[in-house]
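S.K.: Take a look at this one; I'll ask things after.
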Amino acid sequence: MGKYLGMEVSFAAAEAVKLCNVDVVAAYPITPQTHIVERLSQFVADGELDAEFVPVESEHSALSLCVGSQAAGARSFTCTSSQGLALMSEIVYIVPALRLPIVMILANRSLSGPLSIWNDHSDVMSVRDCGWIQLFVENGQEVFDHVIIAYKIAENHNVLLPVMINMDGFILSHMFEPIKLMEQEDVDAYLPPYQPKFVLHPDKPVTMGAYAMPALFTEAKKAQEEALLASYPHILQAWKSWEKVSGRSYHPVETFCSEDAETLFITMGSLGETAGEAVRVLRGQGKKVGLLKLRLWRPFPFHDFYKAIGNAQRLIVLDRAVSYGGPGGPVAGEIRSALYNMENRPQVINFVAGLGGREVSVESFLEMFISSVEGKASGYQLFGVRG
Amino acid sequence: MLGTINRSFILPVKGEKQMPKADSEYLWNELQPGCVITEPGTSRAYYTGDWRAFYPVLQKERCIQCGICWIFCPDMAYQKDEKGYFIADLNYCKGCGICARECPADAIHMEKEKEI
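Protein chains in written order, with the numbering used here: chain H, 86 to 472; chain F, 474 to 589.
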């Protein structure tokens, strides 16, 4: 078993990628993802990682290259943020359609404009429906663990889908945290070498990415959606076997003080730790408050979600992206839709907070709680906006 | 809108691979993951000739057998026959007319498919 080391979370992510023994890393630098790929580049240059590191000319090329290398049977990794994701978005949609188990870290950053390098979730929400398995992590250890878990899930022949790990830019990527690294042999035992189901090889030619006429396109999309839905038990299985290796357990919806809660905060990503502190404070005041943290965003864990909300009467849903002219933030929109058929469904109060790096503190959550309970907040609002 | 075109000439080539069934008959769970096609050369079994509204007509007396049509054809529909003429296989020709446009001897012209 490994030991705790203090390190920048981006470096921990790179350590995990190295331990996965990837064959190809293709990436273009973009803040706040840069330190991850810089570190990987250093590993390759120093001979610590036997991989092709390709410093491509754009993110569109980064993911395109990974498509090619993964199709040729190489375990491939890329990493981006914000505008980089927007530029590669054409290929983002193609990867799951080709069922290529690429792993990508998205160091979440707001999409321009105004130009911003800071953290929110507008980048990932722009590709919400892209068909990747989408996970959110909360701290450095979760980043490290999920890189390895992601390959385990993705490469399972019952899954064969790409996995996107969302880690908050700066708040996580540039934070120094104690990280428990793993020994190579433990990772090797957990994650066997990549065995592609289909591979581009002249000895046995196959066609990938063929054209589909209208007569076939709907069936292709149905097959793709069924594949994503069918990945769910294998995601749980990958977490379960990781727990045996590492002692750390993960779930589609993480809960904190939720059992008897009347009010539940719902967060994704690093806000979970801050919200947890707020829940501790409120519980100290005798308030029946709890917290749900959505770790698995796609496929959406409906069953776990219903179970976790229990008998709560009020859900305070945190969004970190605006759906302009829509029914509120994208997360709250999903949750309202998930609740629609429930009898006695809870009230949903939606705060869009933490846009473009705006701090969301423990006090912010306390304010949200008070304004929700007092009925001052309802529906959808931008938290803390001036004027 | 185009009228219904005459498809009677769309005949399977002797000895060629046939599609096991039309793409409109496949169920979603019969597709390979990622719609991968596991055999090479299956496009031979997919006749695109019925996409065509115009078909090429070769005047052999003008043809100089240069093969420009064969080189330019984007569907590789042209094949050389035993006398050295390049003939478009109408099972595959989509009727784009590039051969007629490029022919240096003006030996190819396009004619409209007849409506049934």
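Positions of the beta carbon are idealized from the N, C-alpha and C atoms, including for glycine.
(1) Could you tell me whether the region 305-313 of chain H touches the region 271-285 of chain H, where touching means 3 or more Cβ pairs closer than 8 Å?
(2) Report buried or exposed for F:K585, applying the criterion of at least 16 other Cβ atoms within 10 angstroms of its Cβ.
(3) Mind pulling the chain F residues with CB within less than 7 Å of H:V291?
(4) Using only alpha-carbon positions, find the residue among H:G414, H:A192, H:G153 and H:F221 that is nearest to H:P384.
(5) Return helix, strand or coil for H:Y465, following the three-state DSSP convention.
(6) Apart from the five residues just before and just after H:N224, which ones in its own chain have a Cβ nearer than 6 Å to its Cβ?
(7) CB H:S149 to CB H:I176, shorter than 7 Å?
(8) From the DSSP output, in three-state form, read off F:F482 for me.
(9) Rounding to the nearest angstrom, what Cα-Cα distance links H:P415 and H:F162 in this structure?
(10) H:E304 touches chain F at which residues, Cβ-Cβ below 7 Å?
(11) Looking only at its own chain, which residues have a Cβ that is under 8 Å from the Cβ of H:A239, when we skip the five neighbours before and after it?
(12) Out of curiosity, what's the CA-to-CA distance linking H:V402 and H:I351?
(13) Using a threshold of 7 Å, state whether the C-beta atoms of H:L400 and H:V433 are closer than that.
(14) Do F:M492 and F:A518 have their C-beta atoms within less than 7 Å of each other?
(15) Please list the residues of the region 564-581 of chain F that have a C-beta atom closer than 9 Å to any C-beta atom in chain H, keeping them in chain order.
(16) Using only alpha-carbon positions, find the residue among H:T165, H:S463, H:L467 and H:E459 that is nearest to H:V37.
(17) Quick check: H:D271 and H:N193, are their CB atoms within less than 7 Å of each other?
(18) For F:F482 and H:H206, what's the separation of their Cα atoms in angstroms?
(19) Taking buried to mean at least 16 other C-beta atoms within 10 Å of its own C-beta, is H:Q280 buried or exposed?
(20) In this structure, how does DSSP classify H:K265 when only helix, strand and coil are distinguished?
(21) I'd like the list of long-range same chain contacts for H:S347, defined as Cβ closer than 7 Å, with 5 residues on each side in sequence excluded.
(22) Could you tell me which of H:E268, H:E227, H:E328 and H:P290 sits nearest to H:N106, measuring between CA atoms?
(23) Check the Cβ-Cβ distances between F:D548 and every residue of chain H, and say whether any is below 7 Å.
(24) Which residues in chain F have a C-beta closer than 9 Å to the C-beta of H:A182? List them in chain order.
(25) So if I threshold CB-CB distances at 7 Å, which residues from the region 211-245 of chain H count as touching chain F?
(26) Under the rule that 16 or more other beta-carbon atoms within 10 Å means buried, what is H:K237, buried or exposed?
(27) Do F:Q532 and F:G557 come within 7 Å of each other at the CB atom, strictly closer than that value?
(28) Classify H:W382 as helix, strand or coil using the three-state DSSP reduction.
(29) On the DSSP letters alone, give me the boundaries of the beta strand (DSSP E) that F:K585 sits inside.
(30) Please classify F:N502: does DSSP put it in a helix, a strand, or coil?
(31) Return no unless some Cβ of chain H is closer than 7 Å to the Cβ of F:D496.
(32) Compare the C-beta of H:A315 with all C-beta atoms of chain F and state if any pair is closer than 7 Å.
(33) To test your reading of the DSSP string, which unbroken beta strand (DSSP E) runs of 3 or more residues are found completely within the region 231-282 of chain H?
(34) For H:S355, count the other beta carbons within 10 Å of its own beta carbon; 16 or more makes it buried, fewer makes it exposed. Which is it?
(35) For the beta strand (DSSP E) that H:Y89 lies in, which residues bound it at each end?
(36) Measure the beta-carbon distance from F:E542 to F:I581 and round it to whole angstroms, keeping in mind my assumption that it falls under 8 Å.
M.R.: According to the data block:
(1) A contact between stretches requires three or more CB pairs, one per stretch, nearer than 8 Å, and the region 305-313 of chain H fails this requirement with the region 271-285 of chain H.
(2) Residue burial annotation: F:K585 is exposed, with fewer than 16 other C-beta atoms found within 10 angstroms of its C-beta.
(3) Those are V509, I510 and T511, listed as they occur along chain F.
(4) When only C-alpha atoms are compared, the closest one is H:F221.
(5) In the structure shown, H:Y465 sits in a strand (DSSP, three-state: E or B).
(6) There are no such residues.
(7) In this structure, H:I176 lies closer than 7 Å to H:S149 by Cβ.
(8) Bear in mind that a pLDDT of 45 at F:F482, under 50, signals an unreliable position, so the number given afterwards is only what the model happens to contain. F:F482: coil per DSSP, three-state reduction.
(9) If you draw a straight line from the Cα of H:P415 to the Cα of H:F162, it comes to about 27 Å.
(10) What H:E304 touches in chain F: Y499, L500, W501 and L504.
(11) Excluding sequence neighbours, H:A239 sits near P186, I187, V188, I218, L245, L246, P247 and V248.
(12) If you take the alpha carbons of H:V402 and H:I351, they lie about 5 Å apart.
(13) Yes. Within cutoff.
(14) In this structure, F:A518 lies closer than 7 Å to F:M492 by Cβ.
(15) Hits within the stretch: zero.
(16) As displayed, chain H neither begins before 86 nor continues past 472, which places residue 37 of chain H out of reach and without an answer.
(17) At a Cβ-Cβ threshold of 7 Å, H:D271 and H:N193 do not count as neighbours.
(18) Any reading at F:F482 must be qualified, since the residue scores a pLDDT of 45, below 50, and its modelled position is unreliable; the value itself is stated next. Straight-line Cα distance between these residues: approximately 57 Å.
(19) H:Q280 comes out exposed.
(20) Strand.
(21) A quick correction: the sequence has Glu, not Ser, at residue 347 of chain H. The residues are K373, A397, Q398 and R399.
(22) Of the listed residues, the one whose Cα sits closest to H:N106 is H:E268.
(23) Output row for F:D548: interface = no.
(24) Within chain F, the residues near H:A182 are G507 and C508.
(25) The residues in question are L245.
(26) It counts as buried.
(27) No, they are not a contact pair.
(28) Strand.
(29) Its beta strand (DSSP E) spans residues I581 to K585.
(30) If DSSP states are grouped into helix, strand and coil, F:N502 belongs with the helices.
(31) Output row for F:D496: interface = yes.
(32) Cβ-Cβ to chain F under 7 Å: no for H:A315.
(33) Entirely contained in the region 231-282 of chain H, the beta strand (DSSP E) runs reaching 3 residues are, in chain order, 248-253 and 261-265.
(34) It is buried - the Cβ of H:S355 has at least 16 other Cβ atoms within 10 Å.
(35) Element bounds for H:Y89: Y89 to E93.
(36) Reading off the sequence shown, one finds Cys at residue 542 of chain F, where the question assumed Glu. With a Cβ gap of about 6 Å, F:C542 and F:I581 count as contacting.
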